[in-house]
Amino acid sequence: MKELIIISPSSVYGGGESYIITLVEVLTTRNLRVLCLNDMLYDKLTSLGAKCELFKSKKDLFLRLVKYAFSPNKKLVFNGLPESRLFAALFIMKGFLLITHSSESWGQGNDRSLRDKLRTRINKFVYDKKSTSIIAVCEYAKLNLSSNFKKANVYKIYNTGDISGITFRENERDFTFGFMGRLCTEKGIDSLIEMLRILDSSKSNCNLKFVIAGDGPKQKNIEDLINELTTISVSYVGFTAPEAFFSQIDCYILPSLTEGCPIAIIEAMSVGIPTIATNVGGVSELITHKENGFLFEPLDVKAMSDCILEIASNKSIISEFKVNCLNAHRLNFSKEIFSNSYNGLISKKLL
Numbered sequence: 001m002k003e004l005i006i007i008s009p010s011s012v013y014g015g016g017e018s019y020i021i022t023l024v025e026v027l028t029t030r031n032l033r034v035l036c037l038n039d040m041l042y043d044k045l046t047s048l049g050a051k052c053e054l055f056k057s058k059k060d061l062f063l064r065l066v067k068y069a070f071s072p073n074k075k076l077v078f079n080g081l082p083e084s085r086l087f088a089a090l091f092i093m094k095g096f097l098l099i100t101h102s103s104e105s106w107g108q109g110n111d112r113s114l115r116d117k118l119r120t121r122i123n124k125f126v127y128d129k130k131s132t133s134i135i136a137v138c139e140y141a142k143l144n145l146s147s148n149f150k151k152a153n154v155y156k157i158y159n160t161g162d163i164s165g166i167t168f169r170e171n172e173r174d175f176t177f178g179f180m181g182r183l184c185t186e187k188g189i190d191s192l193i194e195m196l197r198i199l200d201s202s203k204s205n206c207n208l209k210f211v212i213a214g215d216g217p218k219q220k221n222i223e224d225l226i227n228e229l230t231t232i233s234v235s236y237v238g239f240t241a242p243e244a245f246f247s248q249i250d251c252y253i254l255p256s257l258t259e260g261c262p263i264a265i266i267e268a269m270s271v272g273i274p275t276i277a278t279n280v281g282g283v284s285e286l287i288t289h290k291e292n293g294f295l296f297e298p299l300d301v302k303a304m305s306d307c308i309l310e311i312a313s314n315k316s317i318i319s320e321f322k323v324n325c326l327n328a329h330r331l332n333f334s335k336e337i338f339s340n341s342y343n344g345l346i347s348k349k350l351l
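Read in order, the letters of the sequence shown correspond to residues 1 to 351 in the UniProt record's numbering.
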């Protein structure tokens, strides 16, 4: 009997690892096992009753996979394109399923250095095989992958996220904006900080309130900023579960410099919370400008602050945005759609 082996080779817990938890929950085959390097992922999976093995190092994981290289009854699913290259190279003659999570903006005119070009060559050597099936999380990523991989089978399955069971206490708090994510340059934290300073110095701040959740290298910058601000309220709550975070806010902000298909936006949509986000990667496939949120260009701090002030001064549009968010989630990003897409593909290609 064939066993599905899901390999999650990142030692950091992030969106890709959260994705694996959802995938394990929806797969109809019970004959599956997850191999991982992350303690939190291991704990969450074992609490679900899933078969999971935790490895201390990439070397240990590699040695385990060597044993599977010639086993006809082991079918492999790799999580993350760059993280999986070394491990997937063992199976270039066997075939596997690869899940990608970013916008995959490399190759085809995007390579600027010799290092970039070498990366593209390695990617093509490992992944561009007729026996390889690749999941893109948005149309933007699918187009990029298809332009680089001429032989591999590339499919689009949108991310999912659903926190519809959370409880809101709308009458007990002021209208609140929020950011949740890794506190790093790639997530646009520098732009967020600059925008908050601008709003704080302006006198038309509409009693603005913000909640920031997450951790990362820019955490001290956020903490220092909070001590500087005088007219707007900003709370830093650290690493927080999505349910706890979204129960505190009315509008989500994501000023990233690059994205694929952000799960946090989909989670926000599942409870009718609109998003103000940069128009990068697949974000515009989730958000229609002024219909269920706002889009602005990366690093355009003024445009971001204008979007916030527009909502703050006209909160009635939130009701319309909420309905549109819920409808978009139901039609395109529900767990049921995600489940049907994956189970159909895996049964066809692997089992």
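Backbone N, C-alpha and C fix where the C-beta goes; we use that ideal spot for every residue, glycine too.
- Query: Buried or exposed: where does His289 fall if 16 or more other Cβ atoms within 10 Å of its Cβ makes it buried?
  - Reply: Numbered from its first residue, the sequence shown carries residue 289 at position 289. Counting Cβ neighbours within 10 Å, His289 comes out exposed, since fewer than 16 surround it.
- Query: Going by alpha carbons, who is nearest to Gly214 out of Glu228, Tyr155, Cys184 and Glu291?
  - Reply: Counting from 1 along the sequence shown, the entry for residue 214 is found at position 214. Out of Glu228, Tyr155, Cys184 and Glu291, Cys184 has the C-alpha closest to the C-alpha of Gly214.
- Item | Ala213 (DSSP reduced to helix, strand or coil) | Translated into positions along the sequence shown, residue 213 becomes position 213. Ala213 falls in the strand class under three-state DSSP.
- Would a C-beta distance cut-off of 8 Å place Val280 and Glu259 closer than the cut-off? Along the sequence shown, read from residue 1 onward, the residue named residue 280 stands at position 280. Along the sequence shown, read from residue 1 onward, the residue named residue 259 stands at position 259. Contact flag set, yes.
- Message: In the DSSP assignment, the alpha helix (DSSP H) including Ile21 goes from what residue to what residue?
- Response: In the sequence shown, the residue the question calls residue 21 occupies position 21. Counting along the chain, the alpha helix (DSSP H) containing Ile21 begins and ends at Gly15 to Val26.
- Message: At the level of alpha carbons, what is the spacing between Leu208 and Val271?
- Response: Taking the sequence shown and counting its residues from 1, the one referred to as residue 208 is at position 208. Taking the sequence shown and counting its residues from 1, the one referred to as residue 271 is at position 271. Using only the alpha carbons, I get a separation of about 22 Å.
- DSSP state of Ser235 mapped onto helix, strand, coil: Within the sequence shown, residue 235 is the residue found at index 235, counting from 1. Here Ser235 sits in strand by DSSP.
- Buried or exposed (CB count within 10 angstroms, at least 16 for buried), Arg182: Mapped onto the sequence shown, residue 182 falls at position 182. That one is buried.
- Endpoints, beta strand (DSSP E) assigned at Arg33: If you number the sequence shown from 1, residue 33 lands on position 33. First-last of the beta strand (DSSP E) with Arg33: Leu32 to Cys36.
- Given Ile134 as reference, the closest of Lys117, Phe125, Ala152 and Asn123 once Cα atoms are compared: As a first step, residue 134 is located in the sequence shown; it is residue number 134 there, counting from the start. Per the Cα distances, Ala152.
- Message: According to DSSP, simplified to helix, strand and coil, what is Met93?
- Response: Translated into positions along the sequence shown, residue 93 becomes position 93. Looking at Met93 - three-state DSSP - the assignment turns out to be coil, as it is neither helix nor strand.
- Alpha carbon to alpha carbon, how far is Phe87 from Met40? Translated into positions along the sequence shown, residue 87 becomes position 87. Translated into positions along the sequence shown, residue 40 becomes position 40. Rounded to whole angstroms, the separation of the alpha carbons of Met40 and Phe87 is 21 Å.
- Message: Tell me which residue opens and which closes the beta strand (DSSP E) that Tyr155 is part of.
- Response: Your numbering for residue 155 matches position 155 in the sequence shown. Bounds of the beta strand (DSSP E) holding Tyr155 are Asn153 to Lys156.
- Can you give the Cα-Cα distance for Lys348 and Ile198, rounded to whole angstroms? By one-based count along the sequence shown, residue 348 stands at place 348. By one-based count along the sequence shown, residue 198 stands at place 198. Spanning the two alpha carbons is a distance of roughly 53 Å.
- Query: At what residue ranges does the UniProt domain "Glycosyl transferase family 1" (170-315) contain a whole run of the alpha helix (DSSP H), taking only runs of 4 or more?
  - Reply: 189-201, 219-228, 242-246, 263-270 and 301-313
- Message: If you measure between the beta carbons of Leu48 and Ile346, is that distance less than 8 Å?
- Response: Here residue 48 corresponds to residue number 48 of the sequence shown, with the count starting at 1. Here residue 346 corresponds to residue number 346 of the sequence shown, with the count starting at 1. No, they are not a contact pair.
- Out of Gly293, Lys67 and Ile157, point me to the one whose CA is closest to Lys75's CA. For this step, residue 75 is matched to residue 75 along the sequence shown. Closest option to Lys75, Cα to Cα, is Lys67.
- What are the boundary residues of the alpha helix (DSSP H) that Ser147 is part of? The sequence position of residue 147 within the sequence shown is 147, counting from 1. Run containing Ser147: Glu139 to Asn148, per the alpha helix (DSSP H) assignment.
- Minimum C-alpha distance to Asn340 - residue among Ser11, Glu17 and Thr29: Along the sequence shown, one-based indexing puts residue 340 at 340. Measuring from the Cα of Asn340, the nearest candidate turns out to be Thr29.
- Query: Does the beta-carbon distance from Phe55 to Leu32 come in below 8 Å?
  - Reply: Counted from its first residue, the sequence shown places residue 55 at position 55. Counted from its first residue, the sequence shown places residue 32 at position 32. In this structure, Leu32 does not lie closer than 8 Å to Phe55 by Cβ.
- Find the nearest neighbour of Glu194 within the set Phe96, Cys251, Pro255 and Ala264, judged by alpha-carbon distance. What you label residue 194 is simply residue 194 of the sequence shown in a count that begins at 1. Nearest Cα to Glu194 within the set Phe96, Cys251, Pro255 and Ala264: Pro255.
- Item | Bridge-paired residues (DSSP) for Phe78 | Here residue 78 refers to the residue found at position 78 when the sequence shown is read from its first residue. Here Phe78 is bridged, per DSSP, to Ile7 and Leu98.
- Extent of the continuous beta strand (DSSP E) run through Ala136: On the sequence shown, position 136 is the one that residue 136 refers to. Ser133 to Ala136 is the extent of the beta strand (DSSP E) around Ala136.
- Task: Taking Gly165 as the reference, give the member of Ser113, Glu267, Leu309 and Pro298 with the closest Cα.
- Result: In the sequence shown, residue 165 corresponds to position 165, counting from 1. Cα-wise, what sits closest to Gly165 is Glu267.
- Helix, strand or coil for Glu53, going by three-state DSSP, please let me know. As a first step, residue 53 is located in the sequence shown; it is residue number 53 there, counting from the start. Here Glu53 sits in strand by DSSP.
- Message: Do Val301 and Ser191 count as a contact pair if the criterion is CB distance below 8 Å?
- Response: Locating residue 191 in the sequence shown gives position 191, counting from the first residue. Locating residue 301 in the sequence shown gives position 301, counting from the first residue. Yes, the pair counts as a contact, with Cβ atoms nearer than the cut-off.
- Message: Using a Cβ-Cβ cutoff of less than 6 Å, which residues in the same chain neighbour Leu286 once the five nearest sequence positions on both sides are dropped?
- Response: In the sequence shown, counting from the first residue as 1, residue 286 sits at position 286. If we look at Leu286 and ignore the five residues flanking it on each side, its Cβ neighbours are Ile265.
- Local conformation of Phe168 per DSSP, three classes: As a working mapping, residue 168 is identified with position 168 in the sequence shown. Three-state DSSP puts Phe168 in coil, outside helix and strand.
- Message: Can you list, in chain order, the residues of its chain with a C-beta nearer than 6 Å to that of Ile263? Leave out the 5 residues immediately preceding and following it.
- Response: By 1-based counting over the sequence shown, the position of residue 263 is 263. Excluding sequence positions up to five before and after Ile263, its CB lies within less than 6 Å of the CB of Gly15, Asn159 and Gly161, all in the same chain and listed in chain order.
- Segment limits, alpha helix (DSSP H) that includes Met40: Counting from one through the sequence shown, the residue named residue 40 turns up at place 40. Asp39 to Ser47 is the extent of the alpha helix (DSSP H) around Met40.
- Is DSSP giving Asp128 helix, strand or coil here? In the sequence shown, the residue the question calls residue 128 occupies position 128. In this structure, Asp128 counts as coil in the three-state DSSP scheme.
- Message: Let me check understanding here. Comparing Cα to Cα, which of Ala241, Arg330, Val77 and Arg85 lies closest to Ser18?
- Response: The residue you call residue 18 lines up with position 18 of the sequence shown. Comparing Cα positions, the closest option is Ala241.
- Buried or exposed for Gln108, please, with buried defined as at least 16 other CB atoms from any protein chain shown within 10 angstroms of its CB. In the sequence shown, residue 108 corresponds to position 108, counting from 1. The residue is exposed, with fewer than 16 neighbouring Cβ atoms inside 10 Å.
- Item | Touch test, the stretch 91-105 against the stretch 136-153, Cβ-Cβ under 8 Å, three pairs minimum | yes
- Message: Going by DSSP, what residue range makes up the alpha helix (DSSP H) through Glu104?
- Response: As a position in the sequence shown, residue 104 is number 104, starting the count at 1. Taken as a continuous stretch (DSSP letters only), Glu104 belongs to no alpha helix (DSSP H), as it is neither H nor E.
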